[in-house]
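Here the structure comes first, spelled out in structure tokens, and everything after it is commentary.
Residue numbers (the numbering used here): 3 to 130.
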């Protein structure tokens with residue numbers, strides 16, 4: 003998932019766009035894009051500050067970065083969504099697979115800072 007894509011996301015459960023991105027694995031993957039056209043409008047998720055405070059040089063670096071594994075957390079409802087192999091899996095609860103959530107959490111939960119973890123609605127990590 004590219005950082006500039008994050009600005010377009012909203013929580014499928016509560017529709018809030020007040021989301022937190024936490025990356026576990028980021029890789030550089032050169033792309034040929036017009037930075038002026040895809041530059042973030044409101045907030046820069048790469049620098050974690052307002053987009054108008056970010057230089058075009060930073061944007062040029064950012065467009066080449068791909069979040070491979072990470073987690074997106076909704077600050078409004080506490081719902082969390084894994085990013086696996088570069089794809090944010092932002093599914094409503096009825097479409098999620100509990101065992102996949104458990105496997106993801108077992109792999110990454112200890113890598114999530116406690117201030118972010120405290121916002122997450124984390125299921126029991128015992129298989130159903």
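For every residue, glycine included, the Cβ atom is placed at its ideal position computed from N, Cα and C. None of these values were measured; they are calculated from a predicted model.
Three-state class that DSSP yields for residue i in the structure shown
{"i": "residue 83", "result": "strand"}
{"i": "residue 55", "result": "helix"}
Cβ-Cβ separation, residue j to residue i (assumed contact under 8 angstroms), whole Å
{"i": "residue 10", "j": "residue 75", "result": "Residue 10 to residue 75, Cβ: 17 angstroms. No contact."}
{"i": "residue 28", "j": "residue 68", "result": "7 angstroms"}
{"i": "residue 94", "j": "residue 14", "result": "5 angstroms"}
{"i": "residue 119", "j": "residue 26", "result": "So it is not a contact: roughly 13 angstroms between Cβ atoms."}
{"i": "residue 73", "j": "residue 24", "result": "5 angstroms"}
Own chain, CB closer than 7 angstroms to residue i, minus 5 neighbours either side, in chain order
{"i": "residue 66", "result": "30, 31, 32, 33"}
{"i": "residue 71", "result": "26, 27, 85, 86"}
Own chain partners of residue i with C-beta closer than 6 angstroms, once the 5 adjacent residues on each side are dropped
{"i": "residue 130", "result": "Low confidence applies here, because residue 130 scores a pLDDT of 48, under 50, leaving its location unreliable; read the following figure in that light. Closer than 6 angstroms at Cβ, skipping near neighbours: 100."}
{"i": "residue 106", "result": "84"}
{"i": "residue 41", "result": "61"}
{"i": "residue 82", "result": "73, 75, 122"}
Same chain, Cβ closer than 8 angstroms to residue i, neighbours up to 5 away in sequence not counted
{"i": "residue 52", "result": "44, 45, 46"}
{"i": "residue 35", "result": "65"}
{"i": "residue 80", "result": "121, 122, 123"}
{"i": "residue 60", "result": "46, 48, 49"}
Beta-bridge partners of residue i, as assigned by DSSP
{"i": "residue 75", "result": "22, 82"}
{"i": "residue 11", "result": "Residue 11 is not bridged to any residue."}
{"i": "residue 69", "result": "28"}
Quiz item: Along the chain, which unbroken stretches of the alpha helix (DSSP H) at least 4 residues long are found entirely within the region 15-61?
Solution: 37-40
Exercise. Please go through the region 78-123 and give each complete beta strand (DSSP E) segment of 3 or more residues, from N-terminal end onward.
Key: 82-86
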